[in-house]
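Numbered per our numbering, the sequence shown spans residues 858 to 1614.
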Amino acid sequence: MIDLDSLNPPQREAVTHGDGALLVLAGAGSGKTRVITFRIANLISNQGVDPASILAVTFTNKAAREMLERVERLVPARRERPWIGTFHSIALRLLRRWADLLGYTKSFSVYDSADQMTLVKRSIREAGLDDSVFQPRAVLSAISRAKNQLTPPERYEKETLDFFGSRVAAVYKTYQSKLREFDAMDFDDLIGNLVRLIDEHPVVREEIHRRFRHILIDEYQDTNHAQYALIQRLAGDHGNVVAVGDEDQSIYAFRGADISNILNFEKDFPGAKVVKLEQNYRSTGNILEAATGVVSKNVNRKGKRLFTDTGSGEPVRIVSCDSEREEAKFVINRILEMRSRVPLSEVAVLFRTNAQSRPFEEELLAANLPYSVVGGVKFYERAEIKDIMAYLRLALRDDTPSIERVINTPTRGIGATTEKVLAEASTSLGISLWQVIDGPLTFLADRARKAVREFRETIVDLRAAAEKESLPRILDFVLLRSGYRKMLLASRDPQDETRLQNLEELVNSAREFYEANPEAGLAEYLDSVSLISDVDQYQQERGVTLMTLHAAKGLEFRVVFLTGMEEGVLPHSNSRGDDVEEERRLCYVGMTRAREQLYCIWCVQRRMHGQFRDQSPSPFLAEIPEEVTEPVRLQSRSVSAGRSWDSGQGRSSAGRPEAARNVFTFFGGGGSTSGNEPVRFDPKAVRPAPSRPRPAAPGGAGGGGGYSRGARVSHEQFGDGVILRMEGTGPEAKLTVYFDRAGTKKFIAKFAKLRRL
């Protein structure tokens, strides 16, 4: 018998629930894993349930291992163990037994992401398509979405009528045919094929229902359609399903997660009991009040209010900064101040997109503070950044490793065989690889020779630009001339939007360097980046944690800096309608990572798409109850040197924020300052969260009817796109727009009918 006295009343109610469906709404930090493990242990030890008849499903192998370890600590070793694993591992285990019923062998292969990419590239070629136009990542992403909706190739072909989808349908059919030919399944097939197996084979269905009498699902709010369908099949008639989750932490819609699965649980399982876990064991009262104040504005939620017995704690600090550079300096200064009291590993800097990490990484390096990037790669180590840096090095000098990195990136039709022949020619002739490429190339076939010459012409053009253009313009030209920006814009892979943002941040880096060092050129910039990238000495200890809000889910820290809390950043500029609710949930997740101190920071101006733009505070800031907050009023030299501010609107009368050497003074809610009053957060001046994109304001800073180069726009006929070029100003400006689906179109600004996104 296990002792349940350590559980609070709602936890105990969930643990001891008998037969029938149960929904456990587990707020952040309320002990959901404890409930799941105690319930499994209670079933085994106190109710005599056979461990092998218990199936617990979670989303990561790490979580599954920890859950099994905790169960085994509660219930000492037994001959049988409960089934605990991820959706994919459970599906694989069952398919290994019955795959022959679907036409596979029981020893079928499981293709990982690299295998999938190789196969989809082959399928694109066999479908007669150009993989430089139909990006393999984007095609594979579309196929994955179809599989997660349990849509087979034949139905996908009938239901998908747009140009891109019709081409994907042909690839999907070939791709799936090849998987069958090679006796292989990809990760998405594991769940889809198990659903099919249960549907088509009554003997299998009956045995599964007889074996699994108790089913527990962790993180139920993150299930997609295929996983939801599998749960329905596994439950059978007994309906002993315990779903544990939190609709307020549903933040993975971009991966296919469907919040309606948890919202509709009681409809799917009539008579289901609902238990709410609202006591939080992580955060202080003020942090919980702040987070609840934000998420309670959502309509799509069950509703709960977190509380704690640990006291109110420190207020939530709302911080207004001049720019993203000042934001980074503020955070690092605060970390240095608290370093003697708070270990660096207990500090997290959270942001909406990976691209926002760059200023923080640079300031941490300058302060000689160790850090780690969780759920991502350090900014200057990301593949797209390394690719463009390779082009920049080639714009200055011969560099064989850089050539090898980008000779076929983006795809130019230069295959591995051609690269090998070029390398052999370099070795046998005793000359550099660039000298071979710059030569007659008579030893190559016509098609390969043409492709290599195109690469050579690209590099020659980059070198010409490097001799006469300013540093920011060189970077812009590299993105254009190399075709790299076009490649990412044409992609349907959601990750490529993040890669574009990272490249825009690289352009911002070049602008900052150029503004601080007007006489410096490309060589000096590359040297500065090389120094920034040399971080091996800091990897020996973990240090400060940098991560996106998505990556932070499930973690906790004593101190959290939630940065970039501006309209267009958080909530993201692409959010609209129900998407704003997901952005609000994302904010809630970030806030509830903090145990003791929470800073919510926004910038008055931020460099975006290479230009400084006035920013508005996030509407989520106005949703935080004022009584739990404290404004941190920030004064820097840029303010005290004579800049004037309108604190209600958060706007500067100066052109752009100064990046260099700010000295900060911090004031609490009742502090006073000398000199000019710095900008501060005013919740009454914040607009509510938008439910749809706002149209562009006429006569904006871009000078073309509110349009500016690099801006994302939408057109009623052509869909979403980006402004690549502007010629002239005002309503007569000529705009060149690249649309995601329709390609390049040209407009006169006053007739364009474009809507800013």
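Each residue gets a CB set at the ideal place from its N, CA and C atoms; glycine is no exception.
In the structure shown, what three-state DSSP assignment does residue i receive?
i, result
"I1108", "coil"
"K1277", "helix"
"P1009", "coil"
"F1164", "strand"
"P1474", "strand"
"I947", "helix"
"S1034", "helix"
"R1415", "strand"
"V1489", "strand"
"Q868", "helix"
"I1260", "helix"
"L1614", "coil"
"R936", "coil"
"T1315", "helix"
"G1150", "helix"
"L1286", "helix"
"M1448", "helix"
"Y1077", "helix"
"Y961", "coil"
"M858", "coil"
"G1142", "helix"
What are the start and end residues of the beta strand (DSSP E) that includes residue i?
i, result
"M1404", "1401 to 1405"
"S1571", "1569 to 1572"
"E1453", "1451 to 1460"
"F1208", "1204 to 1208"
How big is the Cα-Cα spacing for residue i and residue j?
i, j, result
"Y1382", "D1244", "16 Å"
"A1100", "K1159", "14 Å"
"D907", "A948", "21 Å"
"E1076", "Q904", "25 Å"
"I1294", "R1310", "7 Å"
"M1344", "V1173", "43 Å"
"T1274", "V990", "22 Å"
"I1189", "V1131", "44 Å"
"F966", "I1074", "Correcting the residue type first, residue 966 is Ser in the shown sequence and not Phe. Approximately 27 Å between the Cα atoms of the pair."
"F1469", "D987", "38 Å"
"M1404", "D1353", "18 Å"
"T1530", "H1082", "Confidence at T1530 is low in this model, with a pLDDT of 31, below 50, so its placement is unreliable and the value that follows should be read with caution. Their Cα atoms are separated by approximately 56 Å."
"E1423", "A1408", "20 Å"
"S1348", "A871", "46 Å"
"G1096", "A913", "14 Å"
"A1223", "F1187", "13 Å"
"E1276", "G1287", "16 Å"
"F1069", "T1017", "38 Å"
"R1320", "A995", "32 Å"
"R936", "E929", "12 Å"
"P866", "D1105", "22 Å"
"N1143", "R1415", "14 Å"
"T1420", "I1175", "10 Å"
"I1458", "G1400", "21 Å"
"V1206", "E1413", "12 Å"
"K1035", "E983", "11 Å"
"E1376", "S1327", "10 Å"
"L900", "T894", "10 Å"
"E1181", "A1609", "33 Å"
Should residue i be counted as a contact of the ligand PLP given a C-beta to heavy atom distance under 8 Å?
i, result
"R1070", "In terms of ligand content, the structure shown is empty, and the ligand PLP therefore cannot be addressed."
Among the options, which residue has its Cα nearest to the Cα of residue i?
i, options, result
"T915", "F1334, K1161, E1194, T890", "T890"
"I1116", "Q1078, D1577, Y1138, H1082", "Q1078"
"L1007", "L1036, Y1085, D1303, G1096", "Y1085"
"E1589", "I1605, F1575, V1156", "I1605"
"Y1029", "R1012, D1040, T1355", "R1012"
"L1009", "D1019, F1021, G985, D1045", "The amino acid occupying residue 1009 in the given sequence is Pro; Leu does not appear at that position. With distances taken between Cα atoms, P1009 lies closest to D1045."
"F1126", "D1103, G1142, I1088", "I1088"
"E1220", "L1249, S1229, R1196, A1185", "A1185"
"L1642", "L861, H1066, S1229", "Outside the displayed range of the chain (858 to 1614) lies residue 1642, so it cannot be described from this structure."
"C1460", "S1475, C1444, I1055", "S1475"
Which two residues bound the contiguous alpha helix (DSSP H) that contains residue i?
i, result
"H1082", "1082 to 1092"
"H1066", "1059 to 1068"
"A1185", "1181 to 1195"
"Y1248", "1240 to 1253"
Taking 9 Å as the CB-CB cut-off, is residue i touching chain B?
i, result
"D1075", "The chain inventory of the structure shown lacks chain B, comprising one protein chain alone."
Legend entry - Whole runs of the alpha helix (DSSP H) within the region 1339 to 1371, excluding any shorter than 4 residues: Whole alpha helix (DSSP H) segments, 4+ residues: 1341 to 1347.
Legend entry - Continuous beta strand (DSSP E) assignments of at least 3 residues falling wholly in the region 876 to 927: Complete beta strand (DSSP E) runs here, min 3: 879 to 883, 911 to 915.
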